[in-house]
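The structure appears right after this line, and notes come after that.
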Amino acid sequence: MGRKAKDSTAFTDAIRSATTSIGTVKTLTPTTTIEILDLERVSTEDDVREALKRDFITSLEIKRVYQTKTTPRGQWAAFFPD
Numbered sequence: 336m337g338r339k340a341k342d343s344t345a346f347t348d349a350i351r352s353a354t355t356s357i358g359t360v361k362t363l364t365p366t367t368t369i370e371i372l373d374l375e376r377v378s379t380e381d382d383v384r385e386a387l388k389r390d391f392i393t394s395l396e397i398k399r400v401y402q403t404k405t406t407p408r409g410q411w412a413a414f415f416p417d
C-alpha cells in the first residue's frame with residue numbers, strides 16, 4: 336500500500352488480524368462540523384437538511400443533527416457533525 340492510497344481496507348484488515356487478541360482497530364475518516372446560527376423556530380430539521388443538500392455542490396452526507404434550545408428571540412442553531 337502506498338503512502339497516498341485512497342483505499343486503506345487492505346492495511347486495516349492486516350492490522351486487525353495481527354492484533355486480534357490485544358486490541359481493536361477502527362478506520363477513521365476526516366469529518367466536518369457545520370454550525371448554522373439564528374435559524375427561525377419555524378424552520379425544521381428537515382428544512383435545514385433539504386437546503387444543505389440542495390445548495391452544496393458536492394455530495395453531502397448528514398449523519399447527525401443537534402439542535403440547540405430556542406432562544407428568547409425564537410431562534411435556534413443546528414450542528415451537523417460529520
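According to our numbering, the stretch in the sequence shown is residues 336 to 417, in order.
Backbone N, C-alpha and C define an ideal beta-carbon position, used for all residues, glycine too.
Which of helix, strand or coil DSSP assigns to residue i
i      : result
Leu395 : coil
Thr368 : strand
Leu387 : helix
Pairwise C-alpha distance: residue j and residue i
i      : j      : result
Glu370 : Ser343 : 30 Å
Arg376 : Ala345 : 47 Å
Lys361 : Lys398 : 18 Å
Arg384 : Thr355 : 40 Å
Leu395 : Asp381 : 14 Å
Phe391 : Ile357 : 42 Å
Thr379 : Pro407 : 18 Å
Would you say the region 400-416 touches the region 356-372, given that touching needs at least three Cβ pairs under 8 Å? yes
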